[in-house]
Structures are given as structure tokens and as C-alpha cells.
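Residue numbers (the numbering used here): 31 to 190.
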């Protein structure tokens, strides 16, 4: 995006390229939400979603990838003996949950769960449930329901 080109074109009543209207509409809505609720609301929301997700993963023995994780997303190591790409694919195809796999040297070794945007605590509960079922489908052993209940309790207790 080149603001100088855009400004020059505006003088002629034109644009230097076709504008990304959907991005501008999304930006307007996002700014409206921030002005309506305040940044602190969203910072707290993402911190609580991230904390509860991380606690749920750890409750069933999964290990976090990042030593100091961000509240924007949670990176989780794929358990030993589980095919990471098969896990990501199974979440999407069988359980309707989309997460990102690892990239480059981390492909198949981690998966990433986003917390920002139009997510709420019930999305994290649904993710925890799908994560448990997909891991169980792939043969990993743990106490079924532990991640789900931990996500719920961590979120309800305020998390952080």
C-alpha cells in the first residue's frame, strides 16, 4: 500500500488500484468495536482465552511451544508418536475446527490456536473438545474431558 500514490490519485478523484473494500469495512467495524468497548476489554478477553486454552492443553499433558506465549495465539507441541499434519487435518475434516500447523522446520511438530478476532470462551471449549477427540482418534492416551473442564474453570475463574 502506497499512501503517496493514493493521495496523488485522490486529487484526480481516482484510486491508483482497486481498493480492498472488504478490508476497509472490516477495519471500520474493528475500530468501532474498540471505540465502543475499549482496548482494555479486548486485551483482557484475549488474555483469558489464551490462558484457559493453555491450561486446557497442559491438563492433558501437552507441552506449550513458546516459553513466553503471546495472547494472540497459543502454539502447542504435537505429542510424540502423533502425526501433526494428520491431527490438523482431522480437526478440520471430522470436527470442523481449523487450527494452523507449524511451518518450515516446525511443520508437523506444533499446531497454533488463534484467540483474536470474533472468538469467545465457548469457541475455546469447542476447540478443547475437538482437540481431545482428534488426539484420542489418533491413539493418544489421556483423561477424556480434562482439557474441556480445565478450559471452563480457568476461564470462569478469570484466568490470569
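Ideal Cβ placement from N, Cα and C applies to all residues, glycine included.
The structure displayed is predicted, hence computed values, not measured ones.
- Message: When you compare the CB positions of residue 184 and residue 95, do they come within less than 7 Å of one another, or not?
- Response: no
- Query: What span of residues does the alpha helix (DSSP H) with residue 88 cover, start to end?
  - Reply: 69 to 89
- Can you have a look at residue 148 and say buried or exposed, based on whether 16 or more other CB atoms are within 10 angstroms of its CB? exposed
- Message: Below 8 Å on the Cβ atoms is my contact criterion, and I expect residue 140 with residue 107 to pass it. Report the Cβ-Cβ distance as a whole number of Å.
- Response: 6 Å
- Measure the alpha-carbon distance for residue 112 versus residue 87 and round it to whole angstroms. 15 Å
- Query: Do you know offhand how far residue 138's Cα is from residue 161's?
  - Reply: 15 Å
- Identify which residue in 152, 129, 158 has its Cα closest to the Cα of residue 103. 129
- Pull up the distance between the alpha-carbon of residue 43 and that of residue 66, whole angstroms please. 32 Å
- Please work out which residues of its chain come closer than 6 Å, Cβ to Cβ, to residue 92, disregarding the five sequence neighbours upstream and downstream, and give them in chain order. 106
- Query: What is the DSSP secondary structure of residue 107, counted as helix, strand or coil?
  - Reply: strand
- Item | Three-state class that DSSP yields for residue 168 in the structure shown | coil
- C-alpha gap between residue 18 and residue 178, whole angstroms: One cannot answer for residue 18 here, as it falls past the ends of the chain, which runs 31 to 190.
- Task: Compute the Euclidean distance between the alpha carbons of residue 165 and residue 121, then round it to the nearest angstrom.
- Result: 9 Å
- beta strand (DSSP E) segment containing residue 143, residue limits: 140 to 144
- Going by CA-CA distance only, name the one from 157, 136, 126 that's closest to residue 144. 157
- Report buried or exposed for residue 51, applying the criterion of at least 16 other Cβ atoms within 10 angstroms of its Cβ. exposed
- Task: Excluding the 5 residues preceding and the 5 following residue 168 in the sequence, name in chain order all residues of the same chain whose CB lies nearer than 8 Å to its CB.
- Result: 112, 113, 116, 117, 120
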